[in-house]
Amino acid sequence: MKKEQASLADQAYEQVRKKILSLEFLPGQVISDFKLREELEMSRTPIKEALMRLESDGLILDLGKKGYEVRRITAQDIVDLFDARAGIECAGLTIAMRKGMSEATMKKLHSLNEEVRAADEAGDYEGVFDHDSELHVALLEASGNRRLNEYYRMILLQLRRMRLLTYFEKSLPRVAVRLHAQIFEAIEAGKKAEALDVLSRHILDTKNDYLRVLATSIHEDADFAVLRYLIRNNLQVTDS
Numbered sequence: 031m032k033k034e035q036a037s038l039a040d041q042a043y044e045q046v047r048k049k050i051l052s053l054e055f056l057p058g059q060v061i062s063d064f065k066l067r068e069e070l071e072m073s074r075t076p077i078k079e080a081l082m083r084l085e086s087d088g089l090i091l092d093l094g095k096k097g098y099e100v101r102r103i104t105a106q107d108i109v110d111l112f113d114a115r116a117g118i119e120c121a122g123l124t125i126a127m128r129k130g131m132s133e134a135t136m137k138k139l140h141s142l143n144e145e146v147r148a149a150d151e152a153g154d155y156e157g158v159f160d161h162d163s164e165l166h167v168a169l170l171e172a173s174g175n176r177r178l179n180e181y182y183r184m185i186l187l188q189l190r191r192m193r194l195l196t197y198f199e200k201s202l203p204r205v206a207v208r209l210h211a212q213i214f215e216a217i218e219a220g221k222k223a224e225a226l227d228v229l230s231r232h233i234l235d236t237k238n239d240y241l242r243v244l245a246t247s248i249h250e251d252a253d254f255a256v257l258r259y260l261i262r263n264n265l266q267v268t269d270s
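Right, dumping it as structure tokens:
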């Protein structure tokens, strides 16, 4: 692919990915490369390349001549992704603690946790997601394992839409901040088993929280339009 086409493909990829992650394109919605060509004012080649990348990311499904379907968010997806996340993060923390966590890494982790706290108190839930993701990425990067980091970033991308369910239960970030602090305390005390136990519990408890919110607040694909409305208008939702 020529450099200009590659640049256009990158632009198309970023724009469509943003629409998916922000729920502008709803779960279950069918999108066509023809309509995207009109909307983004691009030729078929960069659009097709972008859609192939999004399919590889696990965000869309190829329906053949019918177009592409934005992947639905199901209970099984939540289970699969959070279980995979727990396995990768615990493996990474085991390696990192064996190697030894640097003072600079711990300082960064504490700082990011404070960013999560501040974003939560300000009602900036996009900020909560961003800083929380940065925190967990930094924790995994301490392992120095490139493969784990590569797989983990793909999982985080697929989890991004699911994390928007936090809008239905605003207490979740506060719980996360508290558990992060417990993990860091155990790491600094050299208590490997305790650190792994709290990290695993944090991830799997979050999985169960999201399963509960999905079951109580989302009954069909169209309900994600309600969530999109809440996000766009920055409306507050009473904790369940």
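Note that my numbering has the sequence shown beginning at 31, numbered continuously upward.
The beta carbon of each residue, even a glycine, is placed where N, CA and C say it ideally should be.
For L226, which residues in the same chain have their Cβ closer than 8 Å to its Cβ, ignoring the five residues on either side in sequence? One-based indexing of the sequence shown puts residue 226 at position 196. So the qualifying residues of the chain are C120, L123, T124.
Coarse secondary structure for I103, derived from DSSP in three states: Numbered from its first residue, the sequence shown carries residue 103 at position 73. It is coil, neither helix nor strand.
Helix, strand or coil: how does DSSP classify L226 here? Position 196 of the sequence shown, counted from the start, is the residue given in the question as residue 226. Helix at L226.
Below 8 Å on the Cβ atoms is my contact criterion, and I expect R101 with L89 to pass it. Report the Cβ-Cβ distance as a whole number of Å. As a first step, residue 101 is located in the sequence shown; it is residue number 71 there, counting from the start. As a first step, residue 89 is located in the sequence shown; it is residue number 59 there, counting from the start. That belief holds up - the Cβ atoms of R101 and L89 are roughly 6 Å apart, short of 8 Å.
Residues bridged to D92 by DSSP? Here residue 92 is taken as the residue at index 62 of the sequence shown, counted from 1. D92 pairs with Y98.
Report the residue from V228, A105, L170, Y98 whose alpha carbon sits nearest the alpha carbon of K237. Reading the sequence shown from its first residue, position 207 is the one you call residue 237. For the residues V228, A105, L170, Y98, the minimum Cα distance to K237 belongs to A105.
If you draw a straight line from the C-alpha of G117 to the C-alpha of D239, how long is it? Residue numbering aside, residue 117 sits at position 87 when the sequence shown is read from its first letter. Residue numbering aside, residue 239 sits at position 209 when the sequence shown is read from its first letter. Taking the straight line joining both Cα atoms gives about 18 Å.
Helix, strand or coil for D269? Go by DSSP, reduced to three states. Position 239 of the sequence shown holds residue 269. Its pLDDT being 44, under 50, D269 is placed unreliably by the model, and the measurement read from it follows with that caveat. Here D269 sits in coil by DSSP.
For K200, the nearest candidate out of D150, V146, D63 (CA to CA): By 1-based counting over the sequence shown, the position of residue 200 is 170. Closest option to K200, Cα to Cα, is D150.
With distances taken from CA atoms, which of T246, Y98, K129 is nearest F198? Residue numbering aside, residue 198 sits at position 168 when the sequence shown is read from its first letter. Looking at the Cα atoms, T246 is the closest of the given residues.
Residue closest to A216, alpha-carbon to alpha-carbon, out of E99, M127, F254, E164: Here residue 216 refers to the residue found at position 186 when the sequence shown is read from its first residue. Cα-wise, what sits closest to A216 is M127.
With a threshold of 16 other CB atoms inside 10 Å of the CB of S173, please say whether the residue is buried or exposed. Within the sequence shown, residue 173 is the residue found at index 143, counting from 1. Result: buried.
Taking DSSP as the reference, what is the three-state secondary structure of I213? Within the sequence shown, residue 213 is the residue found at index 183, counting from 1. If DSSP states are grouped into helix, strand and coil, I213 belongs with the helices.
In whole angstroms, give me the CA-to-CA distance for S62 and S37. Here residue 62 corresponds to residue number 32 of the sequence shown, with the count starting at 1. Here residue 37 corresponds to residue number 7 of the sequence shown, with the count starting at 1. Rounded to the nearest angstrom, the two C-alpha atoms are 21 Å apart.
Less than 8 Å between C-beta atoms, sequence neighbours within five positions excluded: which residues of the same chain meet that for S132? Mapped onto the sequence shown, residue 132 falls at position 102. Taken in chain order, the residues that qualify are A172.
What three-state label does DSSP hand I50 in the structure shown? Here residue 50 is taken as the residue at index 20 of the sequence shown, counted from 1. Correct three-state label for I50: helix.
Could you check the C-alpha separation between L195 and L257 for me, to the nearest Å? Residue numbering aside, residue 195 sits at position 165 when the sequence shown is read from its first letter. Residue numbering aside, residue 257 sits at position 227 when the sequence shown is read from its first letter. Cα-Cα distance, rounded: 8 Å.
N143, buried or exposed, once every other Cβ within 10 Å from all chains shown has been counted against 16: Counting from one through the sequence shown, the residue named residue 143 turns up at place 113. By the neighbour-count rule (16 or more Cβ atoms within 10 Å), N143 is buried.
Between the Cα of D107 and the Cα atoms of G97, L244, K137, which residue gives the shortest distance? As a working mapping, residue 107 is identified with position 77 in the sequence shown. If we check each option's Cα against that of D107, L244 comes out closest.
With a cut-off of 8 Å, do at least 3 Cβ pairs link the stretch 41–55 to the stretch 180–192? yes
What residues are listed by DSSP as bridge partners for E233? Here residue 233 corresponds to residue number 203 of the sequence shown, with the count starting at 1. The sequence as given places Ile at residue 233; Glu does not occur at that position. I233 pairs with nothing; no bridge assigned.
Assign I61 to one of three DSSP states: helix, strand, or coil. Here residue 61 corresponds to residue number 31 of the sequence shown, with the count starting at 1. Note: I61 maps to strand in three-state DSSP.
Closest residue to E156 among M192, L70, S230, I213 (Cα-Cα distance): As a working note, residue 156 is residue 126 in the sequence shown. Answer by Cα proximity: M192.
Compute the Euclidean distance between the alpha carbons of Q41 and R74, then round it to the nearest angstrom. Translated into the one-based positions of the sequence shown, residue 41 becomes position 11. Translated into the one-based positions of the sequence shown, residue 74 becomes position 44. Approximately 13 Å, taken between the alpha carbons.
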